[in-house]
Amino acid sequence: MVLEWLQQPFKEGDPWSTYVPIWTWLLQLLILAPVTLTVVGGQGLADVSAIAMTGVDGSSLATPFVVIGVLSIVVFLPFTPFIHRATHHVPVLALLVFVGASVYNFTAFPFSTSNRFKFIFKQTVDLDKGRNVVTLSGIGEYLYQVIDSIPEAGRQLESTKCQPTVERPLTDCLYDASLYAPQLVSGVDLEDMMTVNMSKSTNGTTVHIHLDALETRGCWLDLSRPISSFAIEGEAERDPRLGENPPDGLIQHIQVWRRGWAGAWKVSLQLAEDESSSATWGIREGESDDGMSPGELRQRTECNMDYLGRPLEVTVRCAWGDANQPGTIPALRRVEQYMPPWAIATRRGFGLVEMQRTYKAA
């Protein structure tokens with residue numbers, strides 16, 4: 079009886095399958111599956127852990143699903159030659175697991191104390207206007223719950239404004255934080271945190287800036303009009319492969335950085351040639367220069383005329399990111415005190431607090 083059963087074709091298959099050993103598929107599976115599961119499975123777990131929470135940063139929500147789908151296909155590839163050996167109970171069980179997991183994922187709250195919703199905190203102090211504003215950025219649906227949990231930042235208050243984030247599918251909510259001014263350095267007023275001295279050369283083509291800030295390593299210079307080049311005393315040699323200036327030859331934003339906490343930046347700004355040369359103004363409408371059309375020349379001339387006669391204004395911005403002491407950034411502590419337990423504040427870049435002030439070149 080047993081011999082007759084062994085000599086029958088498998089599942090009414092071809093007659094030649096009668097003489098094929100029925101146990102070899104298990105040996106093949108044991109050879110192929112462990113290698114793929116070990117390599118691809120471990121890589122898949124690392125990839126999923128890395129991209130699981132990227133959606134809260136404004137990235138595409140389709141990316142995690144595509145990665146999981148591709149990895150799932152690769153993981154199950156070794157089973158394809160043998161999947162027909164499984165009974166119908168296996169795909170039915172897989173279908174039930176898929177339905178149950180899908181229902182849970184689409185109905186359950188997406189965040190918890192172990193997988194928190196990240197939102198961006200930034201406090202901006204404008205020393206010229208006397209403004210102290212906190213900006214929280216994140217996915218609007220969940221950011222609103224964070225905002226409404228903070229007493230001084232509820233959306234029902236007129237001082238709170240929410241708007242779309244520039245260049246990101248997020249939402250920015252701004253509210254007044256004048257009562258929670260940062261105490262970045264003990265015993266030092268905010269007015270004295272930055273020291274800036276500006277002077278202009280006798281020929282009016284170069285502006286010298288002496289900038290120092292306490293307990294920070296990075297600042298920015300935002301210029302009211304473009305310059306042709308700049309130099310920083312003691313700067314490292316620039317890589318020639320990167321070029322000296324932007325392609326258009328005009329610079330309007332400069333970031334300065336230092337390795338230590340002390341030492342002032344001495345920056346020299348070379349004003350754009352269009353501001354000190356009359357050659358550009360001599361081009362008449364209809365003429366061409368370097369292959370440029372008359373319309374481009376006219377537009378460039380009008381743009382240059384806008385800068386002519388206006389003094390150079392430099393907005394200095396410096397950032398601070400140390401919040402280890404509770405009293406350093408009170409506004410951040412207020413947010414952490416009242417925010418939901420499934421949320422957590424983070425920062426973009428290296429600054430939690432940014433102070434700015436505008437200076438004019440004499």
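Quick note on this note's numbering: the sequence shown kicks off at 79 and runs consecutively. Note that CB positions come from ideal geometry on N, CA and C, so glycine has one too. A quick note: this is a predicted structure, and the numbers were derived from the prediction, not measured.
*Measure how close the beta-carbons of residue 289 and residue 345 come, nearest whole angstrom, since I'm counting them as under 8 Å.*
7 Å
*Ends of the alpha helix (DSSP H) at residue 179?*
167–185
*Can you name, in chain order, every residue of its own chain whose Cβ lies under 6 Å from the Cβ of residue 125, other than the five neighbours on each side?*
145
*asked:* To the nearest angstrom, how far is the alpha carbon of residue 136 from that of residue 281?
replied: 48 Å
*Report yes if the C-beta distance between residue 211 and residue 252 is below 8 Å; otherwise report no.*
yes
*Is it true that the CB of residue 221 sits closer than 8 Å to the CB of residue 199?*
no
*Rounded C-alpha distance that separates residue 402 from residue 262*: 11 Å
*asked:* Give me, in chain order, the residues of the same chain whose beta-carbon lies closer than 7 Å to that of residue 293; leave out the 5 immediate sequence neighbours on both sides.
replied: 262, 263, 339 and 398
*Which residues share a DSSP beta bridge with residue 242?*
249
*Straight-line Cα distance separating residue 306 from residue 186*: 56 Å
*Out of 183, 256 and 343, which has the shortest C-alpha to C-alpha gap to residue 520?*
Outside the shown range of the chain, which is 79 to 440, sits residue 520, and nothing can be said about it.
*asked:* Rounded to whole angstroms, what is the Cα-Cα separation between residue 113 and residue 123?
replied: 15 Å
*When we look at the beta-carbon of residue 373 and count the other beta-carbons within 10 Å, is it buried (16 or more) or exposed?*
Because the pLDDT at residue 373 is just 45, under 50, the model does not fix this residue reliably, and the point stays unresolved.
*Starting from residue 52, follow the beta strand (DSSP E) in both directions and report where the run begins and ends.*
Residue coverage of the chain in this structure runs from 79 to 440, which leaves residue 52 outside it and unanswerable.
_Best match in 335, 308 and 431 for proximity to residue 329 [C-alpha to C-alpha]_ = 308
*Check whether the Cβ of residue 426 sits closer than 7 Å to any heavy atom of the ligand NAP, and report yes or no.*
Among the components of this structure there are no ligands whatsoever, and the ligand NAP is therefore not found.
*asked:* Spatial neighbours of residue 189 within its chain, please: C-beta separation below 8 Å, excluding the five flanking residues on both sides.
replied: 195, 220, 420 and 421
_Residue range of the unbroken beta strand (DSSP E) whose run includes residue 212_ = 209–216
*How many Å lie between residue 425 and residue 218 at the Cα?*
17 Å
*What is the rounded straight-line gap between the Cα of residue 357 and the Cα of residue 140?*
Since pLDDT at residue 357 reaches only 34, below the 50 mark, its modelled position is unreliable, and the value read off the structure follows with that caveat. Taking the straight line from one Cα to the other gives about 54 Å.
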